[in-house]
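Residue numbers (the working numbering), protein chains in the order written: chain A, 21 to 129; chain B, 338 to 1228.
First up is the structure itself, then whatever we jot down about it.
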């Protein structure tokens, strides 16, 4: 594990997954890669956290899934954002922004 | 909505376990391939890519486990697994399981049984409409505590003027039964006289027919009666056309208008089969006080306001009857009135049995602790394979919960049997017994107690077993290495157990001592060869002449029977069948209405009564059959008892002195004392000696009271053998008269102690159980400790220790624990037995004798329990039990 890897805040992984699949349906590995790339390697999500999160989000009704062919012509389980997942993402994003602005203010004070 | 989705998703997963598992596997495989593809794209060789992709995933099984753990169904699955595992472990050691389950079953069974009584009698609200508004009302002389019966003058004034109650009704407790004739042999049926609105106060609908209607208790109306479901079944064969049938009760025809359901019984401390209208005529005097009033409070009115109102009304009544005492109102919630006699005893029983359960729990905990050492290897293996301590503790606790639930199920069965047996053979005169049973509340109690005990006895052993140990139990061949702390817990539990057992034993010792004293109380009579029965004359014996004539002839006929030595009649019987108390004034005392009322137990008797019961004459003379007392002008005479002579005629000769009875009233007739007899208990064997007055049954002014009498016969042989001849004599005089309550005097004495005997036996049984359990506990601990120290003991013997040294060493360990336990128990008992005080007869709750004697009993049993394993220790053979070759260099 590289040293610049930061542990994810409790609960933020779910938000990041929702945001990632909001762009387009993706499979597990793709989601992990995307989070890694966009965070420029700060967040490396290991499968031991990723898969339980999928199950949690599916149970909550925010993700749906279906088996599709991948770009390499293999089968992959693709996760799709549901309508209620989109709503959840919006509200979590809003909360997150409010909080991070507040935290930033406190830290700068 | 959310909950529903989680629930259905979990259930789906449980049902389609295989499908979700294979899908997860497929998804994880896909992940590895996708990762590998990505790495190949980045320039890795296929082998390298696959390898590092697998590494990235980590353990395939670990990820699967993490995913599975997301849903609620996972916890359920683990629980089921734990139960399966627990059952398997318990089946592996059947002896241990059987002992533990039986200990718990007995503890829980007895607790459930006692709790079902407490629940039915004390906890559950009365089975009437809005029961907390039901109040029982009486009066009492100002300045005296407690509640006494009411007189008709007070009741009628209160009924007509009170504003606090929606309704008030009255029961006449003076007449306790009715003579039923015209249906086979005449017999007495228990019942009460009530006012017309009696039933509507309870809000209980009749099973058949109707309640009494308002106004049906006006004087001069035809008699009506409501019967119990039991009477309808047993006497009328559940006749569907029972309504409007007539019953001949006390010689008067009454029409049945209703049948009350089986659950309705009031008053509830004794059987009631008939409720007849009791008409209250406008009173001419304040006494006699024989009524109980009941009422339903208006919503929002509190009792103290209602009492204040009754006090005002009572004050007006006092003003109307200037010679009567100053009475005030007393009110009590109906439930309290019904159960206050038994509540202390019941709570003591519940406390005692809870102690027994606690002792059983400690014993099982100790058994589990002993096993803990054995199971440490198994647990170590599981922990080495990655189980967390939490997980292991949870599994062990599940196992003990299984154990206690098993015990609970058997316990429920035992409780069911015990409750049946109690209802069949226990003391019958308890309120609300018909409501006792194993119901959902009781089941819930049992379940909670079960789980609670399971956790209690499982927790210490579970923590002990899963304790991370420094030395590796996997390698350890000597089982005892990490047992030092287990042993400490074990010993602490044992001290606790001994303490609890001692508390219980002292409690039972006190009850036994009190009971023995009570049984030894001299009732003041010779009880052998005496038979008693109740006979009462109906209204057709209308005047003094008929009543006197009947009794005189009947007694003559009975006395003439072979085998009868003496015969008499009386209004009250020892040891606890007192009918009335009466105030009295001794000549020269003056009339101060604020003086505390002096009461005497007063009864009418025939001249033969004293000889029949063997009551000794101290001074003066008995009544004589030829005495003239019937007439207006005849002198009134009384016989008093020794206590009255001592208390009111100190040093003076009471013979020839005069008294008045009834409320203090200068114009009351004077009665001359002609004799002094020995004290007799009429208010229970545990009652204090009190003044007693006897008057001739046929005396003017008293003869109308002499209708309901007890027959007392002293025989020369077996008393019950005379009964058929007496029946024949009675039938020859009046075939409609029943003879009821046939008992020998010994039976009456026995029955008067039935509740005390019952609770004494029960608590003693609990105490013996506690003693046995703790003896087993001590035995097990010392045996275990000896077996752990076999090598050490062998070495000591080899090095020259005497057998007596070894014996002393082992006994010392036991004695230390015993001493601590005794100390704990004595301190606990000093505070715990205080609640017993109200149940004890002339015995202090801190009776030193009892404390010492029970402690000694416990010590000797405990020493025996220590001695057996200690002796075994002295038999240790060093050649067998320790490998001396290791010490060859030393020896």
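For glycine and all other residues, C-beta sits at the position ideal for the given N, C-alpha and C.
For clarity, every value in this text was computed on a predicted model and none was experimentally measured.
Non-local C-beta neighbours of residue 964 (chain B) in its own chain, meaning closer than 7 Å and more than five positions away in sequence, comprise 1033, ordered along the chain. Judged by their CB atoms, residue 514 (chain B) and residue 1073 (chain B) are not nearer to each other than the 8 Å cut-off. Only residues of its own chain outside the window of five on either side were considered, and among them 665, 666 have a CB closer than 8 Å to the CB of residue 648 (chain B), listed in chain order.
Its chain contains 1047, 1077, 1078 as the residues whose beta carbon lies nearer than 6 Å to that of residue 871 (chain B), once the 5 sequence neighbours on both sides are disregarded; these appear in chain order. At least one CB of chain B lies nearer than 8 Å to the CB of residue 71 (chain A). Annotation: the continuous beta strand (DSSP E) that includes residue 669 (chain B) extends over 664 to 670.
Apart from sequence neighbours up to five positions away, the residues of its chain that approach residue 905 (chain B) with a beta-carbon distance below 6 Å are 943, 945, 946, 949, 1049, ordered along the chain. Straight through space, the alpha carbons of residue 522 (chain B) and residue 938 (chain B) are spaced by roughly 34 Å. Contact of residue 66 (chain A) with chain B is assigned, a C-beta pair being separated by under 8 Å. Beta-bridge analysis with DSSP links residue 515 (chain B) to B:526. Among the residues facing chain B, residue 93 (chain A) is not included, as its CB has no counterpart in that chain under 8 Å away.
Measuring C-alpha to C-alpha distances from residue 442 (chain B) to each of B:566, B:754, B:392, B:728 identifies B:754 as the nearest. With the criterion set as a beta carbon lying under 7 Å from some beta carbon of chain A, the members of the segment 394 to 405 of chain B are 394, 395, 399, 400, 403, 404, in sequence order. Taken in chain order, the unbroken stretches of beta strand (DSSP E) that lie wholly in the segment 627 to 695 of chain B and span 3 residues or more are 628 to 634, 664 to 670. In the DSSP annotation of this structure, the continuous segment of the alpha helix (DSSP H) that includes residue 1087 (chain B) starts and ends at 1082 to 1089. Using beta-carbon distances, residue 90 (chain A) counts as an interface residue toward chain B, with a partner under 8 Å. In this chain, residue 722 (chain B) is not harboured by any beta strand (DSSP E), its DSSP state being neither H nor E.
In the DSSP annotation of this structure, residue 872 (chain B) is not part of any alpha helix (DSSP H); the continuous beta strand (DSSP E) holding it starts and ends at 867 to 873.
By the Cβ neighbour-count rule, residue 727 (chain B) is exposed, with fewer than 16 other Cβ atoms within 10 Å of its own. The continuous alpha helix (DSSP H) containing residue 1066 (chain B) extends over residues 1060 to 1070.
Taking 8 Å as the upper bound for CB-CB distance, residue 642 (chain B) and residue 861 (chain B) are not in contact here, some 46 Å apart.
In the DSSP assignment, the residues bridged to residue 47 (chain A) are A:98. Taking CB atoms only, residue 53 (chain A) has a neighbour in chain B less than 8 Å away. CA-to-CA, the gap between residue 565 (chain B) and residue 604 (chain B) works out to about 13 Å. CA-to-CA, the gap between residue 395 (chain B) and residue 1162 (chain B) works out to about 59 Å.
Unbroken beta strand (DSSP E) runs of no fewer than 3 residues, entirely contained in the segment 1097 to 1140 of chain B, are not found.
Using beta-carbon distances, residue 384 (chain B) does not count as an interface residue toward chain A, since no partner is under 8 Å. The count of Cβ pairs closer than 8 Å, one atom from the segment 833 to 848 of chain B and one from the segment 1102 to 1115 of chain B, reaches three, so the stretches are in contact.
Comparing C-alpha distances from residue 919 (chain B) to each of B:536, B:624, B:480, B:433 shows the shortest one belongs to B:624. A straight-line Cα-Cα distance of about 28 Å links residue 423 (chain B) and residue 833 (chain B).
Within the same chain, Cβ atoms closer than 7 Å to the Cβ of residue 971 (chain B) are found at 965, 1037, the five residues on either side in sequence being excluded. A contact is defined here as three or more CB-CB pairs under 8 Å, and the segment 78 to 86 of chain A fails this definition with respect to the segment 56 to 70 of chain A.
Residue 498 (chain B) sits exposed, since fewer than 16 C-beta atoms from the chains shown fall within 10 Å of its C-beta. Beta bridge pairing from DSSP links residue 589 (chain B) with B:586.
Between residue 873 (chain B) and residue 516 (chain B) the beta-carbon gap is near 6 Å, inside 8 Å, which marks them as a contact. At least one CB of chain B lies nearer than 8 Å to the CB of residue 81 (chain A).
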